[in-house]
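Below is one structure, written out as structure tokens; the observations come after it.
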Amino acid sequence: RSLEIPQRIELADSVAEVTTSSYGAWRLFSEGRQLCARSRWQEARPLLEEAISLDPEFALAFADLGNLHKNLGNDGAARHFAGLALEHSDRLPVQQRYFVEGEYFSATWAGYGRAIEAYRRGLEIFPKDLGLRNNLASHLAYLEAYDEAGREYQTLLELGDDYGGTFHGAATVQGALGRFEAGEEILSAALRRSPEDWYLQLALGWYLTEWGRYGEAEEHLRRAGGLAPDDEYVDQGWWRLAILRENWQGARDHGRRMSGSKTSYGRWLGAVSAAWTDLYGGRSQSALESLAEAARAYGEPEANTALSHCWRARLALQTGRGGVALEAARQAQREAPGDWPELEGMFLEALAHQALGRPSSADRILEELRKRAEEMPNPVQERQLRHLAGRLALARGDSGLALRELRSAAELLPPRGFWFHWHVLPDHVPLWYALGEAEAAAGRPEGAVEWFRKVADCGAEHLEHPVLFVRSFYQLGRVYEALEERGRAEEAYRRFLGYWGSGDLDREEIGIAGKWSPSDAWINSPKAFPWARASIPGPGAAGLPPNHPP
5 RSLEIPQRIE LADSVAEVTT SSYGAWRLFS EGRQLCARSR WQEARPLLEE AISLDPEFAL
65 AFADLGNLHK NLGNDGAARH FAGLALEHSD RLPVQQRYFV EGEYFSATWA GYGRAIEAYR
125 RGLEIFPKDL GLRNNLASHL AYLEAYDEAG REYQTLLELG DDYGGTFHGA ATVQGALGRF
185 EAGEEILSAA LRRSPEDWYL QLALGWYLTE WGRYGEAEEH LRRAGGLAPD DEYVDQGWWR
245 LAILRENWQG ARDHGRRMSG SKTSYGRWLG AVSAAWTDLY GGRSQSALES LAEAARAYGE
305 PEANTALSHC WRARLALQTG RGGVALEAAR QAQREAPGDW PELEGMFLEA LAHQALGRPS
365 SADRILEELR KRAEEMPNPV QERQLRHLAG RLALARGDSG LALRELRSAA ELLPPRGFWF
425 HWHVLPDHVP LWYALGEAEA AAGRPEGAVE WFRKVADCGA EHLEHPVLFV RSFYQLGRVY
485 EALEERGRAE EAYRRFLGYW GSGDLDREEI GIAGKWSPSD AWINSPKAFP WARASIPGPG
545 AAGLPPNHPP
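The structure is reproduced here in structure tokens:
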């Protein structure tokens with residue numbers, strides 16, 4: 005995950021240079037800022053809050069507190085303090101005004117263009133300001149302007165920036181572009197200088213997990229946990245590793261640890277992780293309960309609760325409940341106006357209207373998304389737009405148009421899918437799966453195999469898309485069956501049964517796949533299903549389906 009860096013300046017020689025007349029407020033602010041620079045946000049929070057209590061017009065303290073809350077996953081509080089910082093920005097020197105202005109506009113997705121403009125204006129005057137350049141780099145990366153973001157991160161490294169978030173961002177950009185070795189070297193070099201930095205240990209563990217180097221990832225996650233016990237980011241890293249290793253018990257354990265967090269974001273993470281873990285076992289009802297719990301994690305609506313409603317709508321669409329999907333998608337839009345979950349909610353609402361037989365309503369939303377994309381051109385929104393157009397065409401029986409739209413969307417995918425932005429998940433799997441469906445609908449089984457195979461064989465891109473990942477094995481079984489490739493069909497069906505044989509999803513499809521298994525005992529045996537296994541090899545290990553019983 006990308007973490008915002010607070011603007012960093014040398015300690016001032018006089019209180020006036022940091023825009024407060026209170027020496028006590030200045031001292032607390034300085035100590036809090038130093039803690040933030042070492043990613044120790046929980047320790048910094050009370051210091052910054054006390055600084056503000058001593059000087060209620062301390063703009064830079066408001067700005068840093070907004071950054072801190074963003075790093076803790078509290079979007080509502082981040083927007084609140086960014087607004088207060090802007091309100092008092094007339095007290096700030098020009099250099100800090102650009103920073104605060106950018107922070108204010110970057111509070112929601114719709115403001116990213118203006119935030120980037122503010123950071124660039126500031127850098128024209130103050131080219132060595134690390135905070136301005138770091139925020140510029142991260143927001144360019146959010147919009148998938150990876151080449152430009154990479155150049156900004158390189159400049160930061162050349163300027164001697166030593167903040168962990170800078171190394172993480174620089175490495176993630178390289179990883180998204182498929183340059184894994186370059187990203188690894190950035191993080192490894194930083195760790196050689198600061199081996200006791202918990203965040204750098206976590207960042208490298210996360211990065212190596214994405215790369216499929218699970219043993220090395222485990223080593224760094226363990227070190228991060230030793231340096232930052234009970235941190236939800238570390239548990240999230242362990243959860244991701246457990247899912248990719250298909251260690252279902254481990255995934256559930258780390259989900260429960262996050263659910264017991266003292267922070268709203270940690271509890272939210274725990275609930276959504278539990279939902280995804282359940283879906284890998286075909287347990288949709290318990291997944292819906294966990295998503296409902298996630299929506300309550302903050303006690304009030306905000307961007308992450310809206311995201312929970314998006315995922316509830318997505319699951320409802322995947323299980324044929326258009327009415328439920330419509331309600332959840334609209335709730336997401338109400339809770340996150342101007343932010344990414346609103347756009348995702350619109351995308352899902354359009355699909356729900358189509359599923360309910362209301363194509364004109366779906367088209368109206370498609371047109372509104374087109375207008376939004378024109379306001380701030382970027383690959384993320386353009387890809388979403390083409391994806392939706394392709395899905396609607398496929399639902400209407402126009403496989404030719406669907407293929408054209410979906411292929412154009414897939415061309416906009418980065419080489420690898422990294423979860424970098426707080427709310428935008430990698431969408432490789434949904435696009436590849438839709439392309440497989442479109443190829444099959446067009447009577448092109450070989451093309452369908454290619455796309456479904458990409459879903460089934462991918463790594464971390466499938467982490468947050470359990471339903472489509474598991475269904476890809478059923479789809480492969482059907483296509484291989486049509487191609488009269490019996491051995492491959494049997495293997496694909498075994499994989500499908502191994503995940504969902506004892507769940508509540510796709511029971512008709514389970515019956516079809518079961519006819520290809522050696523015996524009914526396979527379906528009824530608890531050893532056949534991931535929920536009975538604490539730790540098993542990754543997918544395809546030793547040429548066998550990952551859930552193949554002994």
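Counted from 1, the sequence shown has number 113 at position 109 by the numbering used here; the numbering is strictly sequential.
Glycine residues also receive a C-beta, built at the ideal position from the N, C-alpha and C atoms.
Note that the structure is predicted; figures quoted are calculated from it, not measured.
So, are the CB atoms of residue i and residue j less than 8 Å apart?
| i | j | result |
| --- | --- | --- |
| N308 | G77 | yes |
| L147 | V328 | no |
| A1 | S263 | The structure shown does not extend to residue 1, since the chain is modelled only from 5 through 554, so no value can be given for it. |
| L72 | L96 | no |
| W113 | N75 | no |
| L396 | A442 | no |
| N138 | Y108 | no |
| S127 | L144 | Residue 127 is actually Leu in this sequence, not Ser. Result no, Cβ atoms of L127 and L144 do not sit closer than 8 Å. |
| D79 | S288 | no |
| F33 | A63 | no |
| L410 | A445 | no |
| V433 | L392 | no |
| G4 | W252 | There is simply no residue 4 to check, as the chain begins at 5 and stops at 554 in what is shown. |
| A299 | S268 | no |
Check residue i in the structure and name its three-state DSSP category.
| i | result |
| --- | --- |
| S26 | coil |
| M380 | coil |
| W520 | coil |
| I176 | Before going further, note that residue 176 is Thr rather than Ile in the sequence given. Helix at T176. |
| R49 | helix |
| K266 | coil |
| D133 | coil |
| C40 | helix |
| L435 | helix |
| D2 | Absent from the structure is residue 2, since the part of the chain shown begins at 5 and ends at 554. |
| N251 | coil |
| F477 | helix |
| S506 | coil |
| V428 | coil |
| P470 | helix |
| A446 | coil |
Would you call residue i buried or exposed, if buried means 16 or more other Cβ atoms sit within 10 Å of its Cβ?
| i | result |
| --- | --- |
| K519 | exposed |
| G216 | exposed |
| V98 | exposed |
| Q335 | buried |
| D234 | exposed |
| S110 | buried |
| L163 | exposed |
| A149 | buried |
| T24 | buried |
| G515 | exposed |
| Y27 | exposed |
| I369 | buried |
| P199 | exposed |
| E488 | exposed |
| D510 | buried |
| P381 | exposed |
| K375 | exposed |
Report back the beta-carbon spacing between residue i and residue j to the nearest angstrom; my notes put them in contact at under 8 Å.
| i | j | result |
| --- | --- | --- |
| L2 | A207 | Residue 2 falls outside the range modelled here, since the chain spans only 5 to 554, and no answer is possible. |
| E189 | A464 | Incorrect: roughly 20 Å between the Cβ atoms, too far for contact. |
| L352 | C314 | 6 Å |
| G481 | A460 | Not quite, the Cβ-Cβ distance comes to about 11 Å (not below 8 Å), so this is no contact. |
| A310 | G349 | 7 Å |
| L347 | Q388 | 7 Å |
| L319 | A291 | 7 Å |
| G106 | A122 | 4 Å |
| A228 | W202 | 5 Å |
| T170 | G187 | Going by Cβ atoms, the distance from T170 to G187 rounds to 13 Å, so no, they are not a contact pair. |
Item checked: alpha helix (DSSP H) segments (min. 4 residues) lying fully within the segment 78-113 -> 79-91 and 98-109
Next item on the list: Run through the segment 293-371 for me and flag every whole alpha helix (DSSP H) of 4 or more residues, listed as ranges in chain order.
Entry: 307-322, 326-339 and 344-359
Note to self: What ranges does the alpha helix (DSSP H) occupy inside the segment 137-216, keeping only unbroken runs of at least 4 residues that lie completely in it?
What the structure shows: 150-162, 168-180, 184-197 and 202-215
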